[in-house]
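**Student:**
6 protein chains.
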Amino acid sequence: MARIRVINPNTSRAMTESIGRCARAVAEPATVVTAVNPAMGPESIESHYDEALAVPGLLAEIAAGEAAGADAYVIACFGDPGLDAARELATGPVVGIAEAAMHAATLLGRGFSVVTTLARTTGRAWDLAARYGFSGACRGVHACDIPVLELDDPASGARAVVADLCAEALARDGCDSIVLGCAGMAPFCADISRRLGVPVIDGVAVATKLAESLVSLGLRTGARGEYAPPGPKKYTGLLGGFSI
Amino acid sequence: MARIRVINPNTSRAMTESIGRCARAVAEPATVVTAVNPAMGPESIESHYDEALAVPGLLAEIAAGEAAGADAYVIACFGDPGLDAARELATGPVVGIAEAAMHAATLLGRGFSVVTTLARTTGRAWDLAARYGFSGACRGVHACDIPVLELDDPASGARAVVADLCAEALARDGCDSIVLGCAGMAPFCADISRRLGVPVIDGVAVATKLAESLVSLGLRTGARGEYAPPGPKKYTGLLGGFSI
Amino acid sequence: MARIRVINPNTSRAMTESIGRCARAVAEPATVVTAVNPAMGPESIESHYDEALAVPGLLAEIAAGEAAGADAYVIACFGDPGLDAARELATGPVVGIAEAAMHAATLLGRGFSVVTTLARTTGRAWDLAARYGFSGACRGVHACDIPVLELDDPASGARAVVADLCAEALARDGCDSIVLGCAGMAPFCADISRRLGVPVIDGVAVATKLAESLVSLGLRTGARGEYAPPGPKKYTGLLGGFSI
Amino acid sequence: MARIRVINPNTSRAMTESIGRCARAVAEPATVVTAVNPAMGPESIESHYDEALAVPGLLAEIAAGEAAGADAYVIACFGDPGLDAARELATGPVVGIAEAAMHAATLLGRGFSVVTTLARTTGRAWDLAARYGFSGACRGVHACDIPVLELDDPASGARAVVADLCAEALARDGCDSIVLGCAGMAPFCADISRRLGVPVIDGVAVATKLAESLVSLGLRTGARGEYAPPGPKKYTGLLGGFSI
Amino acid sequence: MARIRVINPNTSRAMTESIGRCARAVAEPATVVTAVNPAMGPESIESHYDEALAVPGLLAEIAAGEAAGADAYVIACFGDPGLDAARELATGPVVGIAEAAMHAATLLGRGFSVVTTLARTTGRAWDLAARYGFSGACRGVHACDIPVLELDDPASGARAVVADLCAEALARDGCDSIVLGCAGMAPFCADISRRLGVPVIDGVAVATKLAESLVSLGLRTGARGEYAPPGPKKYTGLLGGFSI
Amino acid sequence: MARIRVINPNTSRAMTESIGRCARAVAEPATVVTAVNPAMGPESIESHYDEALAVPGLLAEIAAGEAAGADAYVIACFGDPGLDAARELATGPVVGIAEAAMHAATLLGRGFSVVTTLARTTGRAWDLAARYGFSGACRGVHACDIPVLELDDPASGARAVVADLCAEALARDGCDSIVLGCAGMAPFCADISRRLGVPVIDGVAVATKLAESLVSLGLRTGARGEYAPPGPKKYTGLLGGFSI
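Residue numbers (numbering that gives the first Met the number 0), protein chains in the order written: chain R, 0 to 243; chain F, 0 to 243; chain C, 0 to 243; chain G, 0 to 243; chain E, 0 to 243; chain W, 0 to 243.
(1) Beta carbon of G/ALA182, beta carbon of G/VAL160: below 7 angstroms?
(2) When the Cα of R/LEU169 is compared with those of R/MET14, R/THR30, R/SER192, R/MET184, which residue comes out closest?
(3) Which residues does DSSP pair with F/ARG109 in a beta bridge?
(4) Which one of G/ASP152, G/ASP126, G/ARG2, G/ALA103 has the shortest CA to CA distance from G/MET184?
(5) Along the segment 79–109 of chain E, where does the CB come closer than 8 angstroms to a CB of chain R? Name the residues.
(6) If you measure from the beta carbon of F/VAL54 to each beta carbon in chain G, is any gap under 7 angstroms?
(7) In three-state DSSP terms, what is R/ASP152?
(8) Within 10 Å of its beta-carbon, does C/ASP144 have 16 or more other beta-carbons around it, so buried, or fewer, so exposed?
(9) Return the chain-ordered list of same chain residues with a C-beta closer than 7 angstroms to the C-beta of E/ARG86, the five sequence neighbours on each side being excluded.
(10) To the nearest angstrom, how far is it from the Cα of G/VAL199 to the Cα of G/SER176?
(11) Where E/ILE61 and E/THR10 are concerned, what is the direct C-alpha to C-alpha distance, given to the nearest angstrom?
(12) Within the 7 angstroms Cβ cut-off, does G/GLY122 reach chain R?
(13) So, F/VAL54 versus G/ALA51, is the Cβ gap smaller than 7 angstroms?
(14) Taking all protein chains shown into account, decide if F/ARG171 is buried (16 or more other Cβ within 10 angstroms of its Cβ) or exposed.
(15) Count the other CB atoms within 10 Å of the CB of G/GLU16; is the residue buried (16 or more) or exposed (fewer)?
(16) What's the call for C/VAL283, buried or exposed, on a 16-neighbour Cβ count within 10 Å?
(17) Using a Cβ-Cβ cut-off of 8 angstroms (strictly less than) and excluding sequence neighbours within five positions of G/ALA136, which residues of its own chain qualify?
(18) Helix, strand or coil: how does DSSP classify F/TYR48 here?
(19) Determine whether the Cβ of C/GLY235 lies closer than 7 angstroms to any Cβ atom of chain R.
(20) Just confirm the distance between the C-beta atoms of G/TYR72 and G/ARG4, as a whole number of angstroms; I'd bet it's less than 8 angstroms.
(21) Under 7 angstroms, do F/VAL32 and F/ALA24 count as touching if we go by C-beta distance?
(22) Determine the chain G residues that contact W/GLU225 at a beta-carbon separation under 8 angstroms, and present them in chain order.
(23) Using the three-state DSSP reduction, which class does C/ALA26 fall into: helix, strand or coil?
(24) Note down, one range per segment and in chain order, each beta strand (DSSP E) of at least 3 residues found wholly within the segment 123–203 of chain W.
(25) How would you call E/LYS233, buried or exposed, if buried means at least 16 neighbouring beta carbons within 10 angstroms?
(26) Could you spell out the range, first to last residue, of the beta strand (DSSP E) harbouring C/ALA71?
(27) So which residues on chain W does E/TYR72 lean against when the C-beta distance must stay under 8 angstroms?
(28) Assign R/ALA66 to one of two classes, buried (16 or more other C-beta atoms within 10 Å of its C-beta) or exposed (fewer than that).
(29) Would you mind stating whether G/ASP79 and G/VAL214 have Cβ atoms separated by less than 7 angstroms?
(30) List, in chain order, every chain W residue whose beta-carbon is nearer than 9 angstroms to that of G/GLU42.
(31) In this structure, how does DSSP classify C/PRO231 when only helix, strand and coil are distinguished?
(32) Excluding the 5 residues flanking E/LEU88 on each side, which residues of the same chain have their C-beta closer than 8 angstroms to its C-beta?
(33) Between E/LEU164 and the rest of its own chain, which residues show a CB-CB distance below 7 angstroms, the 5 nearest in sequence each way excluded?
(34) Determine which residues of the segment 128–139 of chain F have a Cβ less than 8 angstroms from any Cβ of chain R, and write them out in chain order.
(35) I'd like to know if F/SER215 contacts chain G, where contact means its C-beta is closer than 7 angstroms to some C-beta of that chain.
(36) Would you kindly check if the distance between the Cβ of W/ILE74 and the Cβ of W/ILE18 is under 7 angstroms?
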């Protein structure tokens, strides 16, 4: 049995619930998925500023997970915020959804394209592709320019806009699969895949399976070097509670 | 339920059985693992020549798997022989064990080192790391110079030699984890991991979980471009049976 | 006249003062250097966890700088924490000290080596080198294993240990210059340079000059894409004050 | 005097003859060119599957060449199939035609574009460019979508289609030369070069000259490491004849 | 006080004067800028041939600067000709304007595009970007096809043509800033920046500030390895005067 | 018949003669090798300064070759000085000896090491490897610290020192071949190859064969872009004779 804590790093409760549903839909029966979000920070993550300020709340959720005996963690925002810090803090493995989706994409074809929300975040997607070793496999990053919190608003027409952009990316980039670049797009995944006839990859689902797999293999983050637990340190002010 | 065909591309039946045990040990209860090896080709793979000549038999096993309704395939040789051709032929996903182990390693730390059999195969390991995007993450490839078929011979002392080499790699390369560079080393994995206190990764186990995960996510190789099924073609001579 | 806000992202007041002295020592007479540190967060930065949690306080100091009319900012920690977010928030240019030191090093020779504090931070230095384009120029990253806050404690013998490690790096790596990998090493810079006869580069000093130069050239961060000011967003909990 | 064995790895006898004519047209008078093709395998190579299954026959031709005293080998298919294995098996040098053409192109300009047959093979061309170090020099890979065996069929209009595509690649990619991406295009080379006024490179011709040059320089594959002759090994089944 | 020798490597006196004005406009009051050009070589630099033949005159100007006590040098041609040789010869730092502009651009955003003169020089700009580590940051290099010496001829309409090309590059490349790819474009810099609302970077200005900064920091080229002063050597013929 | 002009870019007549002998020893009977050196410039090339100042004389020899009807050129100095400018000026192909040797090495194995003269030139060798695409294939660059002009002085013991260094490089770098990093080492090539049992590559010989091959294939530098002939331009002073 694996206890997987899926952390939505923004404070939108509706999104947390949707993410939890996606994760549970693919988890093994014996897996317990707990979907949570921080009690502090931005309600959606659409800039480096938002991302940086989502991390303390995310780390608090990791600490809470450690206390609750979580076996592994999923960071359910496509910028994979706080991944390095989370790996230091957690005993079990931590998987980001961009990381997971990109890894899966490279198992299914030579190249993938990312379809994401705001244009200003495309640089972050390229950065992550580079960090994970997938600069060559990432063929394009495209923005639909719909804000994160409007994705699930039927009035935004997001489902159709995202689907059209996926089709366009597929035609233009010569890629083998599409990576959905926001946890909020997970509910569109099956539909778009059917329409396009290529793998369309939702990082929430993949990260959940990867986390489960690592737990069942008994694998956890290597903790003898860069990812050793952070040493004792005095923290002050608003963040005093983060002292170790 | 996933039917996973784990193909040992050499003709050593003992190794096939050992590989099958490793795969079954990590598979979900509902997964059916079928471990097979080709009826033709080399009894072990220790050169580019061996690897090239293992591929026809491997592809015959993919074809047999398709006929038998396999959902996914694992190629259980650390050179990941025939991976591209297998992806064209198979309907479901195909995962190589070097690929799987390297992917897992990068989820568990910044750098990994590979411990493999013969020195002449280290170039292939570097090549694969480059192909998968992990040139930067691969910190070293070390050969124990024990032939593949002697690994399970207690007289070879392989278990201790491999463990010592892993310890040396860890100290010298500043890596976070060790990747075992031969399917024949899978039985040593748990022991070495305990001894070193870092993740030691056996590709057979990881590839089995990845194949299972992709099946449960409904993901298969993108088949609209490079990995489309091979077109009809006349084959002649010894390989006449491979005509499509 | 340029008003440069030099932000020490940890909460150690002694280190802030030392950093301020280093910056003022190289600034033009007409430049006003204001050295500050956050009111919240870790007292030193020695892990990804520390770094992530230093960023909110750093961003508060950027916001305070905007209110006070700062023309440019220096982030005076060798991990360059929060650089992307700071660039979104600030009107004027923002320069990290790792970034500054590495840029300078590549103007003075083909290769540089970094001498830093704890071994666990060497990965971050390599990451930054890669991000800035200097993977090829960075020839080595070496840790003296003295904690940040002991650097200025004469009992630690830090000055000699660091100098010896610089000499060793120079001999072993075949580099043209040494980059000091911690703001706390700035006071050692002149001495070590004299001893080694090669450029020894303190990022605090270089970043101050770069910030000054960019201001005098009228150059600021390009704000039409990734670094546009963050949009309005609701923040909650402890970080409610960061709403925009 | 050099005896060069030019191996067409597919079983099309007409193509072998055409390739032989191209090679002889550029060879020194004292060079003996023997153009052969395998007795087994696919009649043309248009997928990874075809390529993998062309290799055993190709290796049999290398073995036959060794018996006949060949001094060097050319692999006359643009995917350079079996190159590593052939290098292990052959005493003399082995040159692939993609390899040869790309090397020549980089001696004649900064960038080249490849014009090849089917779209599904463009990934392989990019892969080879990367393997040989020419990722930066390769500016484009374009497919004319004419199957290999129709190239020499006047009804296919291949000559004009290929020429037009070369012109288009030249205009679009800003390259200095064109590399023809199939041995079957060799007969078009002179015409297209005249029309475009830039170097148009046929790998069969270049590989023949490179093989000749290496022989006359007394250079052969380094055989102390990765390319040492394959060790003795039992082969079974259809491929039993490949035992060493 | 810094004595900075700004060397225009071509023999156009008008251009030297314009370059001198640009440098002086940004220098600190205490800095002495001396703008010079060689007494031999091409009147403008628009090919590798021109560039190679501009270098002897450039080196003569470095030698003259050493005799005159120059503290630092700027090479004011966007090809950064002779930079390595100049660094060997000079005691103080040497900064090229392409180098300076590209460094500054990467401090102000993730990507920059270059707008330069003749199409045949775009390869050189890409080369320099690669050499300095900025292959990833350089998003495009665009040529206006106006010869260097016509840039300041109002009849050429250069100012408008260059501005339009900058706007096009910004729209097409998704970059954060524009680098002007010729010292002769320096006078257009302020105007274009105002029009586009993004940083437009003139290398002459930036290189002057970098040279000043390095001098004030007491930093000079590392001279223990590749950039050690050239050893004594007999020179003959026309270049006999370059003996050391 | 090919007329190949082999240009030693330094002014040492003895070295020119030795280079000419090496080239003629491998040329086809019908090839006419003309070995020349400039009438101006340094007597040996051991720094960037020397290299830059060797180029005008080299270009004068290219111009003389054009007048004399040369079909191709070899630049016989391991720094490949002036290669780009020479390609613009020459109608036929131009091959550098570092370029030629490195290309050949990658046809004979996965990795090569370079053994060169002075330590200060090793950076140039790495640069060239990067430029030609062989950063990954170049496994080491080692300096024997014998000046160029002492290589052929028996008293220097150069032959033995170079041979020992080659053996050491082979053992340490895990390479498949050795590239001799100076035209002056060509006479040692056969001996060292015999001793080491791996390919030892002299660039003069390889470049001669490549130049011959390109001529016989009718291939010359692509002249529609970067390598178009330099346009008309006024040159003044000492270099007035280079006007076009």
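The beta-carbon is built from N, C-alpha and C at its ideal position, and this holds for glycine as well.
**Tutor:** The structure says:
(1) no
(2) R/SER192
(3) Its beta-bridge partners do not exist; DSSP assigns none.
(4) G/ASP152
(5) ARG109
(6) yes
(7) coil
(8) Flag for C/ASP144 reads exposed.
(9) VAL93, THR220, TYR226
(10) 6 angstroms
(11) 15 angstroms
(12) Against chain R, the CB of G/GLY122 has a partner CB under 7 angstroms away; the residue lies at that interface.
(13) yes
(14) exposed
(15) exposed
(16) The question about residue 283 of chain C has no answer, for chain C in this structure spans 0 to 243.
(17) MET101, ALA104, THR105, ARG109, GLY110, PHE111, ALA128
(18) helix
(19) The residue you asked about is not Gly; residue 235 of chain C is Thr in the sequence shown. So yes, C/THR235 belongs to the interface.
(20) 5 angstroms
(21) No, Cβ-Cβ distance for F/VAL32 and F/ALA24 is not below 7 angstroms.
(22) Simply GLY108, ARG109, ASP175.
(23) Coil at C/ALA26, not helix or strand.
(24) 137–142, 176–179, 199–201
(25) exposed
(26) 71–74
(27) Here the premise fails: no neighbours, minimum Cβ distance about 14 angstroms.
(28) Classification of R/ALA66: exposed, given that the 10 Å Cβ count is below 16.
(29) no
(30) Chain-order list of chain W residues neighbouring G/GLU42: empty, with the shortest C-beta distance near 29 angstroms, by a criterion of under 9 angstroms.
(31) Coil, per DSSP.
(32) Spatial neighbours of E/LEU88 in its own chain (CB-CB distance under 8 angstroms, excluding positions within 5 residues in sequence) are listed in chain order as LEU58, ILE61, ALA62, GLU65, PRO228, PRO229.
(33) For E/LEU164, where only same-chain residues beyond five positions count, the Cβ hits under 7 angstroms are VAL114, HIS141, CYS143.
(34) TYR131, GLY132, PHE133, SER134, GLY135, ALA136
(35) no
(36) Taking 7 angstroms as the Cβ cut-off, W/ILE18 and W/ILE74 do not qualify as a contacting pair.
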